[in-house]
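Which chain is which? The protein sequence lines are F and R, in order.
Numbering (numbering that gives the first Met the number 0) for the first sequence: 0 to 435.
Numbering (numbering that gives the first Met the number 0) for the second sequence: 0 to 429.
The beta carbon of each residue, even a glycine, is placed where N, CA and C say it ideally should be.
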Amino acid sequence: MSALRLLSLERKIPSVRSAVVPKTEGKTVEWPSPLAQQTARIAHLLRRATFGAGPDELEAALKLGYGRVVDQLVETPPGEPPAVPGNSADIGALQQWWVDHMLATPTPFAERMTLFWHGHFTSDYRKVGTGQPYLYWQNLTWRKMALSNLASLLMQVTIDPGMMRYLDLATSTGKSPNENYSRELLELFTMGAGSFGEGDVRAAASALAGWRLPVAADNSRVGIFEQRRAYSGGPLTFLGKTGRLDLKSVIDGILASDATATFLVTKVVHHFVSPAPQASYIRRLADEFRTGKYDFKTLMRSVFLSPEFINSQSYRSLIKSPIEYMISALKALKAPQLSGLVLEAGEQMGQMVFDPPDVAGWPNNDAWISSSTVMARINFAVSALSQLRNLPPAGDLARLQLDGVLSPVTTRLLDQAGDDRTRWTIVLMAPEFNLK
Amino acid sequence: MSKDQVGINELKRRDFLRAGLVFGAASSALAAGYAAVPDAFARAVYAAKQGGVKNDNVLVMIQLAGGNDHLRTVIPLQDPKLHDLRPVLAAQSVPMALPLNSSFGLNQNMPGIKSLWDQGKLAVVEGVGYPNPSFSHFESIRVWETGDPTRRQVEGWLGKTITKNYDSQGHPLTGCACGTTNVPGALRDLHATVSVINSSRTFGLQGGTRTETTAGALWKGTPGIYGALFDTAISTVQETIASVRTAMRSQSSVRYSDNAKLVYPSKTELGAALQLAASLITSGSGVKLLHVTLGGFDTHQTELNRHNDLMGYLDQSVAAFYHDLDIHGFADKVLIATWSEFSRRPQENASGGTDHGAASVVLLMGNPVKGGFYGQTPSLSDLDGTGNLKYTVDFRAIYQEILNNHLGADAREILGQSFDRVPFLKRPSV
């Protein structure tokens, strides 16, 4: 794409006309990628790794440069959320608390990763119940371990009380194992369908039985192992190896399988890079992930520094999830006070935290789009704006929020817009703002 | 009016929409006085064989998501083996069941569906499954959605039905998912226009026509890989709003009679989704293939009460829905079918629940149905290597009967092969 078209970006000229997508008849037109430019590259990174950047954040990041921004994202420990106001087991209070923290946190990458793991190692409040603060604990754990490594996280996930209840490990016994957790551990959490057999599900179910939920006297936020409820039969065969099997050896077996790195890296790439990655890219990252002892920081750094992350096919190839769309809109509007709207509108768009559609978490990218969800996204923009008396200036919005890369219609409507309110409406409604 | 109706016969579906729009915009007084008119419009469209639409029958698929335990839905009353395999669950289910005959009874919470049985309007197909069953929710859901046990197809069987049998420009309500935010896999097809209406309460664009114009312009012709997806989504938004607006106008003139009090259960999303479905059907919006979902069937643990509750929700929702159709004179047209990715294992587990199983039961309900039992009940004494039942009826045989003899579509074209008939319909209605 000609650099000329993107000059406005570097020169900070609020003109949007220079980046108009050319009209061609009947062909799929690509977005012209501005990612050759440092500013756009950093904005792209912050859109995907955080909830987007305002002018101040973008300027600070520009001073650091791309590589050091990546370092900072990956290395900064997650900002601790404040205590949940009220009862931490109350689902409404808990949902509001997390949304508020996403809006306020100085470390939004930690929240994006926590959200990613929440969609991956998912649990919902309907099954977990709201009598105990299990989902609150789970959220704190996922955040704390979001950039740890797979072995530690899998140990923790297995004996997390919320998860133990969500996938029934809490009631599984060696005599009569419940297969729910062991199946999803293999199918959805680590190896993927087709890379293990029914016998492996049964063996792991036996090996993982015996954990119960903590009671107050245990003073514990993880499950408690009870030998008398555990499996006491003969050797088990799991992923080709026969012998004594327990939680640790189940996880070791999973980590020894090549399928695991491939499966997880593919999911990370679908969320952060591209809906249709090259097999060679996945292989490269998966090899690195495996040899790097499944360390998440190393993986995420490799992802953000890979050429595939910033090549022209990558530009606007992902659809913001509803949470990302709403949080990025409210951050752009500097309107954290509207966080209640996120809870109301999220359900209509198909995403509310602690309430995934099923055990596979949320689907992503094109699955976010239906006539119903597009309507809900548009309605969110209209409602949010109608609730704000004062809006931040919008003269430079197209450049700041949309890299100055606009479709002909968006350009025309913005050119015709007579006031800032109209400009905000157009930008927040526009497909450009729904992409990342 | 009659002139318009004649004209409509020759129109394509998209034109029908425009005609509908003109009608809708004409005046609300007109709509109030002529409840039959949109209905006639819809019928006229259905009659347009050239457009590929063969009749005005409607199909409602109810997904019981998570794997419905068929042994607690249609319960074997006489098999001692059931008590061996599930001492807890069987002891509580069998004595309470509502007998259909000497061998089987419905779950205790299903009096409404039992009443359909008594009227000869419930068909139970036993032993429904497919070769080499998957015990993964997501793989098995995909198998049922695509009608392909080899897991190669990506398009949904109902999506394909829309594409291959109804004109590809698509009346936006030909395929409609109610009570969800996403297009269910069964309706998905690259070339099918499918609408999704989560709830009638939130349906519509805030800010009215101004928003509609701006958003419509913004989302059309978008560059990039999602261009076509966005285009379809926003067109469907606009067309669905128009259709629903038109159809809903006629709805107001349809009165529920006082002695036919209609109560949808308020506790579940299924009740609301079916109520929405009923209003789309009875207002003559042209809706044809509907999909709704009741979740929560993955009962690995404490199944007894949870599953009883779910059966109750299903029963109350279906009963109210049937009643609604009946008092509006639409019951003859609508076939209701349940589906679930798999059933549960016959042997119960230590958590008072059951793990993923194989062969299942499909319920077909409504006036088009010839009541009775179909298929062959798999033996509880002859389980496969995973401790599961062996299927006797391929689920695609059910799709085949629905496609050929209810929808007037060509099942072979959609399923790629033929199956032994499972003749649960009263008469071929095409």
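- Contact between the region 149–169 of chain F and the region 181–190 of chain F is present: 3 or more CB-CB pairs across the two stretches fall below 8 Å.
- Chain order gives no chain R residues near N363/F, where near means a beta carbon separation below 9 Å; the closest approach is about 12 Å.
- Annotation: V73/F is outside any beta strand (DSSP E); the continuous alpha helix (DSSP H) that includes it extends over Y65 to E74.
- Taking C-beta atoms as the reference points, R71/R and Q346/R fail to come closer than 8 Å.
- Taking a contact to require three or more Cβ pairs closer than 8 Å, the region 144–151 of chain F and the region 295–303 of chain F qualify as touching.
- Between A383/F and L340/F, the C-beta gap is smaller than 8 Å, which places the two residues in contact.
- With its beta carbon less than 8 Å from one in chain R, K174/F belongs to the interface.
- Taken in chain order, the members of the region 302–334 of chain F whose beta-carbon sits within less than 8 Å of a beta-carbon on chain R are R315, S316 and I318.
- Comparing alpha-carbon positions, the option among D418/F, G173/F and A82/F lying closest to G233/F turns out to be G173/F.
- S284/R sits away from S234/R, with the two beta carbons spaced by 8 Å or more.
- Annotated as proximal: L362/R and V123/R, with beta-carbon spacing under 8 Å.
- The contact set of V195/R on chain F, defined by CB atoms closer than 8 Å, consists of S369, S370, S371 and T372 in chain order.
- Per DSSP, A103/F lies in no beta strand (DSSP E); the unbroken alpha helix (DSSP H) holding it starts and ends at I90 to A103.
- L153/F is the residue among R283/F, L153/F, L342/F and N389/F whose C-alpha sits nearest the C-alpha of I250/F.
- Taking 8 Å as the threshold, the shortest C-beta distance from V341/F to chain R does not fall below it.
- Nearest to D308/R by C-alpha distance, out of F296/R, A319/R and R209/R, is F296/R.
- Along the length of the region 260–323 of chain R, whole beta strand (DSSP E) runs at least 3 residues long occupy 288–293, reported in chain order.
- By alpha-carbon distance to S248/F, the top candidate from R211/F, V302/F and S151/F is S151/F.
- Under the DSSP assignment, Y373/R falls in the beta strand (DSSP E) whose first and last residues are G371 to G374.
- Judged by their CB atoms, T180/R and T372/F are nearer to each other than the 8 Å cut-off.
- Taking 4 residues as the shortest admissible run, the region 378–402 of chain R contains the following complete alpha helix (DSSP H) segments, listed from N- to C-terminal end: 394–401.
- In this structure, the alpha-carbon of L406/R lies about 8 Å from that of L58/R.
- Spanning the alpha carbons of K319/F and L434/F requires a straight line of approximately 5 Å.
- Judged by beta-carbon spacing, E302/R lies within the 8 Å limit of T353/R, meaning their Cβ atoms are closer than that value.
- Distance from S370/F to V236/R at the Cβ level is roughly 5 Å; contact confirmed, criterion being Cβ atoms closer than 8 Å.
- In this structure, A357/R is the residue among R395/R, F394/R and A357/R with its C-alpha nearest to the C-alpha of S378/R.
- Residue L172/R holds the alpha-carbon nearest to the alpha-carbon of I240/R among F229/R, L172/R and L228/R.
- Contact between L99/R and M109/R does not hold, since the beta-carbon distance rounds to 10 Å and is not under 8 Å.
- Cα atoms of A191/R and W97/F: separation of roughly 38 Å, rounded to the nearest angstrom.
- Here the alpha carbons of N106/R and A396/R stand approximately 25 Å from one another.
- Residue range L121 to G128 is occupied by the beta strand (DSSP E) that includes E125/R.
- Shown here, D419/F sits in a helix according to DSSP, grouped into three states.
- Beta bridge pairing from DSSP links V193/R with G174/R.
- Here the C-alpha atom of S273/F lies approximately 21 Å from the C-alpha atom of A232/R.
- Only exposed fits Q77/R, as fewer than 16 other CB atoms lie within 10 angstroms of its CB.
- Counting only the Cα atoms, P132/R lies some 29 Å from G209/F.
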